[in-house]
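Here the structure is laid out as structure tokens; the discussion comes afterwards.
There are 2 protein chains.
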Amino acid sequence: MTSASICTIGDEILIGQVVDTNSSHISRALNSLGIKVTRMLSIGDDHDTIVKGLERELQTNDIVIVTGGLGPTKDDITKHALAELSGSRQYRTDERQLEIVHRILSSRGLDVLDINIAQASVPDTCEVIPNRLGTAPIMVFRFPTERFGHEATLYSLPGVPFEALGALNDISEDIRNHYPISDIYHKTVMTFGIAESALSKMLDEWEDALPSDMHLAYLPDALTGVRLRLSIYGGAKEEQEARIEAEMAGLKAILGDAIYSDQDDRLEKCIGRMLARNGKTVSAAESCTGGLISSLFTSVPGSSEYYLGSVTSYANSVKTGVLGVPAEIIEKYGAVSEECVREMAEGVRRITGSDFSVATSGIAGPGGGSDTKPVGLVCIGVSSQMGTETFRMVFKGDRKRNIDRFTANALNLLRKKIQNELNT
Amino acid sequence: MTSASICTIGDEILIGQVVDTNSSHISRALNSLGIKVTRMLSIGDDHDTIVKGLERELQTNDIVIVTGGLGPTKDDITKHALAELSGSRQYRTDERQLEIVHRILSSRGLDVLDINIAQASVPDTCEVIPNRLGTAPIMVFRFPTERFGHEATLYSLPGVPFEALGALNDISEDIRNHYPISDIYHKTVMTFGIAESALSKMLDEWEDALPSDMHLAYLPDALTGVRLRLSIYGGAKEEQEARIEAEMAGLKAILGDAIYSDQDDRLEKCIGRMLARNGKTVSAAESCTGGLISSLFTSVPGSSEYYLGSVTSYANSVKTGVLGVPAEIIEKYGAVSEECVREMAEGVRRITGSDFSVATSGIAGPGGGSDTKPVGLVCIGVSSQMGTETFRMVFKGDRKRNIDRFTANALNLLRKKIQNELNT
């Protein structure tokens, strides 16, 4: 099986100011080609570290994908390290990339500076795949067997996530043309509301009985619940997929309606699909979740088909003034109460005219909270013309984690209501 | 200088379904202790890979911090690998952690299962730091000089981000007690609106004249602009900080008002601070940004002091019905127009009673768009009783990148307006 290592270069990652999101995208692309990613590595903007670090990755992997360190600024030195690693004595200008540099800068109304032109210059030991989305080209270094004991290829991608992503198609094609591609087969189901350890206990016997070439991974995420992913490498597509399906049937029977989707999905996408299919609409009234529910809904392309909008009523005056929550309700029960979210949910449905709505009010912390209403408390309302239900839950976490949990649980309760009422 | 490597264990990262955010938090904590993080590594849930991978990191680093692979499910095998690596023959139960396991599960109303109890069991070669936030303990393995040619310590942290973060204080204290801590001095300024390459060009001479022990890093981020961070390792605190300040004065003179903060900041935090200091409030009317502006405002603890709320008016009916945008405006100019965002900004200020407001309407893509209104177009309005200004900008990116850019530019325009009008 072809193996790969993904290396990110940049002090900004090692000092913790930037989170590396490129590696995860690259990894998904490689996985879908059936390439096993054995390691991900981040190293700093230091010449020797880069040369030695990449050398070692090339010794143990067929493919090494490098991102970062190609910017025009002085702290970006990957290109020179790659020149040394590949034994290059000189640079050449790639005309296709130079043209792109000119086009991009002029479309932004910027002058083409010397440091921009230098971006199109590459070690003469590499092949270039032009990068249409940015100024730094994609470089491909092919090492003969003599060098590392096996044929090895190093792909150097720009570090800007948008450009790195854009390069993946070209890279994938090049890999297909140069490596025997074995396949990987996956099946993912999405669960919500059962903790990882409880899921594991429920699946204990089933997991023990799995064929030895199949592997179940638990992938928990605060915003989506626990993903369960059954996978197998190699073999004939149809046969292997049927084997996975068969095992998955057993898992589904055990977990029942804790499963909200039998594809790799997110709650907001799943909700959107149900609504679109039935020509229904939704809106949100958010307090403690502060716009995150709305932001998740609108992250889905085409969400304008079913998502009308939301009110983030952070101040009580907005709850009463915009959503029409009676001031007496807030006075009597407080803004964080099932009574208040009921009014919020019904209010936003009224002013937007949506079929469904979801509302949240809670205490994300770190401040606020009392004995009866602790930090981590959230009240959630879901509403439709069939009626409004409200819920009260308590979580323990920091502000961000609480907001994520509040949001995910609100989406899940909305998902259940839609599923029940639309019978979908 | 003490060096460290951060290793994340888990197939979920290598297959690209989860982004590693722990390493960045851990790295920041280590950096603030003056420890140089030389590498970050992610490896899979495979016994031999873990043992060999960690062995190698221990050979070249004083400290290795491991996260992940400690969950209760069958695919989490870090603990056994650590037992082998440290030559442990047996496990012992840590009573303090066992107590925490019982407390956590009973507070959640869950039964204590065997797999939960097993979480408190550790190789007899490690010291335990109890993890108050979760069931898996923090393990500390100390290796004598004979083993790797230098004293080495391995810290094993839980992979759940919330728990890993919670462990950092304890880990930091342990490191302080066992290693000579050299210092690192930083100074960060935040810029917005100038591309990295143009910044670099502007700073060219200044950067060349920097003392050789100082290093400037460019840290671009779609939501915050380009962070510029000047740093230096070691030396006497007061003297080094004065040296950094002196160099920074030169940088500030060059960049002028492209700098929006002279600390490590974010636009939403900077805006919040100005508003709170002046007793002013803000609201938002979002279309294409879909709630992200609101979500960023409310991510800041204490934002209820100045942030009143927002309307996400995704559907035109919400723009007219809730925000009071005249239907004729949308008919004549379209929802994505400077005329429309003017009405949105004024409308949300009217219904929430805020002093300032910001509004967005644009086309994030991938669908929609026309010759005159392409994908990537955004109209932004900022409003106060002093008046309303509107802007039109075009960006090139995928949906997420466009939404991020729209949001950041809206926040930056709002920041400028507040700065001007409050003279702050």
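Going down the list, the sequences are from chains A and B.
Reminder that position 418 of the first sequence reads as 420 in the numbering used here, one-by-one numbering, no gaps.
Reminder that position 76 of the second sequence reads as 78 in the numbering used here, one-by-one numbering, no gaps.
For each residue, glycine too, the CB sits at the ideal point set by N, CA and C.
Whole-angstrom distance between residue j and residue i, CA atom to CA atom
{"i": "R144/B", "j": "L43/A", "result": "24 Å"}
{"i": "S133/A", "j": "P368/B", "result": "Looking at the sequence shown, residue 133/A is not Ser but Asn. Taking the straight line from one Cα to the other gives about 20 Å."}
{"i": "T62/A", "j": "L84/A", "result": "18 Å"}
{"i": "K375/B", "j": "Y335/B", "result": "11 Å"}
{"i": "D210/A", "j": "N318/B", "result": "54 Å"}
{"i": "G195/B", "j": "T291/B", "result": "19 Å"}
{"i": "I331/B", "j": "D96/A", "result": "50 Å"}
{"i": "L294/B", "j": "L416/B", "result": "15 Å"}
{"i": "L253/A", "j": "W208/A", "result": "7 Å"}
{"i": "I117/B", "j": "S199/A", "result": "8 Å"}
{"i": "Q1/A", "j": "F164/B", "result": "Coverage of chain A is limited to positions 3 through 426, which leaves residue 1/A absent and any answer about it impossible."}
{"i": "E148/A", "j": "M3/A", "result": "20 Å"}
{"i": "N425/B", "j": "R279/B", "result": "12 Å"}
{"i": "H152/B", "j": "L56/B", "result": "15 Å"}
{"i": "M141/B", "j": "G89/B", "result": "15 Å"}
{"i": "Q421/B", "j": "I17/A", "result": "31 Å"}
{"i": "A197/A", "j": "D223/A", "result": "11 Å"}
{"i": "H188/B", "j": "I246/B", "result": "8 Å"}
{"i": "S315/A", "j": "G281/A", "result": "27 Å"}
Supposed close pair residue i, residue j - CB separation, criterion 8 Å
{"i": "L310/B", "j": "S289/B", "result": "At roughly 19 Å, the Cβ-Cβ gap does not stay under 8 Å, so L310/B and S289/B are not in contact."}
{"i": "G12/A", "j": "D50/A", "result": "So it is not a contact: roughly 16 Å between Cβ atoms."}
{"i": "T354/A", "j": "V320/B", "result": "5 Å"}
{"i": "M250/B", "j": "L232/B", "result": "6 Å"}
{"i": "E270/B", "j": "V302/B", "result": "6 Å"}
{"i": "V327/B", "j": "E345/B", "result": "4 Å"}
{"i": "T392/A", "j": "G399/A", "result": "So it is not a contact: roughly 22 Å between Cβ atoms."}
{"i": "G71/A", "j": "I79/A", "result": "6 Å"}
{"i": "Y235/B", "j": "I186/B", "result": "5 Å"}
{"i": "L325/A", "j": "A287/A", "result": "6 Å"}
{"i": "E423/B", "j": "M388/B", "result": "5 Å"}
Beta-carbon spacing of residue i, residue j below 9 Å
{"i": "V66/B", "j": "A6/B", "result": "yes"}
{"i": "G378/B", "j": "V338/B", "result": "no"}
{"i": "V380/B", "j": "F358/B", "result": "no"}
{"i": "S385/B", "j": "A361/B", "result": "yes"}
{"i": "G1/A", "j": "T10/A", "result": "Residue numbering for chain A in the displayed model covers 3 to 426; residue 1/A lies beyond these limits and cannot be assessed."}
{"i": "T193/B", "j": "Q265/B", "result": "no"}
{"i": "G227/A", "j": "A31/A", "result": "no"}
{"i": "Q92/A", "j": "V130/A", "result": "no"}
{"i": "D64/B", "j": "A154/B", "result": "yes"}
{"i": "R94/A", "j": "S123/A", "result": "yes"}
{"i": "G36/B", "j": "I183/B", "result": "yes"}
{"i": "Y157/A", "j": "V68/A", "result": "yes"}
{"i": "A260/A", "j": "L218/A", "result": "no"}
{"i": "A166/A", "j": "I28/A", "result": "yes"}
{"i": "S296/A", "j": "S296/B", "result": "yes"}
{"i": "Q405/B", "j": "T300/A", "result": "In the sequence under discussion, the amino acid at residue 405/B is Ile, which differs from the Gln named in the question. Contact flag set, yes."}
{"i": "L205/B", "j": "I256/B", "result": "yes"}
{"i": "R268/A", "j": "L225/A", "result": "yes"}
{"i": "L298/A", "j": "L413/A", "result": "yes"}
{"i": "L170/A", "j": "K203/B", "result": "no"}
{"i": "K81/B", "j": "P125/B", "result": "yes"}
Check: residue i C-beta below 8 Å from any heavy atom of the ligand MN
{"i": "E101/B", "result": "What this structure holds is no ligand at all, so the ligand MN is not there to describe."}
Got a sec: which bits of the region 197–215 of chain A sit with their beta carbon under 9 Å from any beta carbon on chain B, in order along the chain? Listed in sequence order: A197, E198, S199, A200, L201, S202, K203, L205, D206, E209, D210.
Compile a chain-ordered list of the residues in the region 145–168 of chain A whose CB is closer than 9 Å to at least one CB of chain B. The region 145–168 of chain A vs chain B, Cβ under 9 Å: V162, P163, F164, L167, G168.
If you measure beta-carbon to beta-carbon, which residues of the region 233–259 of chain A are closer than 9 Å to chain B? Taking 9 Å as the Cβ-Cβ cut-off against chain B, the residues of the region 233–259 of chain A that qualify are S233.
Jot down the residue ranges of each uninterrupted alpha helix (DSSP H) in the region 266–338 of chain B, minimum 4 residues, whole runs only, in chain order. The DSSP assignment places 269–280, 294–300, 318–323, 329–335 as complete runs of the alpha helix (DSSP H) inside the region 266–338 of chain B, in order along the chain (cut-off: 4 residues).
Please list the residues of the region 351–382 of chain A that have a C-beta atom closer than 7 Å to any C-beta atom in chain B, keeping them in chain order. Here the close residues are I353, T354, G355, P368, G369.
Output needed in chain order: residues of the region 6–36 of chain A with a Cβ under 9 Å from some Cβ in chain B. Residues of the region 6–36 of chain A with a C-beta atom less than 9 Å from some C-beta of chain B are I8, T10, G12, D13, E14, I15, L16, I17, G18, Q19, V20, V21, D22, T23, S25, S26, H27, I28, S29, R30, A31, L32, N33, listed in chain order.
If contact means a Cβ-Cβ distance below 9 Å, which residues of the region 275–292 of chain A contact chain B? Listed by position, the residues of the region 275–292 of chain A near chain B (Cβ gap below 9 Å) are T283, S285, A286, E288, S289, C290, T291, G292.
I'd like the ranges of any alpha helix (DSSP H) spanning at least 4 consecutive residues and lying wholly in the region 332–413 of chain B. Scanning the region 332–413 of chain B for uninterrupted alpha helix (DSSP H) segments of 4 residues or longer gives 340–354, listed from N- to C-terminal end.
What are the residues of the region 386–408 of chain A that lie near chain B, defined by any Cβ-Cβ distance shorter than 9 Å? In summary, the residues of the region 386–408 of chain A whose CB is separated from some CB of chain B by less than 9 Å are K398, G399, D400, R401, K402, R403, I405, in the order they occur in the chain.
Please list the segments of the alpha helix (DSSP H) lying wholly inside the region 41–93 of chain B, counting only runs of 4 or more residues, in order along the chain. Counting whole runs of 4 or more residues, the region 41–93 of chain B contains the alpha helix (DSSP H) stretches 49–62, 80–87.
In chain order, which alpha helix (DSSP H) runs of at least 4 residues are fully inside the region 109–133 of chain A? Qualifying alpha helix (DSSP H) stretches, in chain order: 116–119.
Output the residue ranges of the alpha helix (DSSP H) runs that lie fully inside the region 150–235 of chain B and measure 4 residues or longer, sorted by chain position. You should have 163–180, 198–204, 206–210.
Contacting positions in the region 302–313 of chain B - beta carbon closer than 8 Å to chain A: The residues in question are P303, G304, S305, S306, Y309, L310, G311, S312, V313.
Can you list, in chain order, the residues of the region 115–137 of chain B whose Cβ is nearer than 9 Å to any Cβ on chain A? Taking 9 Å as the Cβ-Cβ cut-off against chain A, the residues of the region 115–137 of chain B that qualify are L115, D116, I117, N118, Q121, L135, T137.
Return the residues of the region 93–109 of chain B that lie within a Cβ-Cβ distance of less than 7 Å from chain A, sorted by chain order. Residues of the region 93–109 of chain B with a C-beta less than 7 Å from any C-beta of chain A: none at all.
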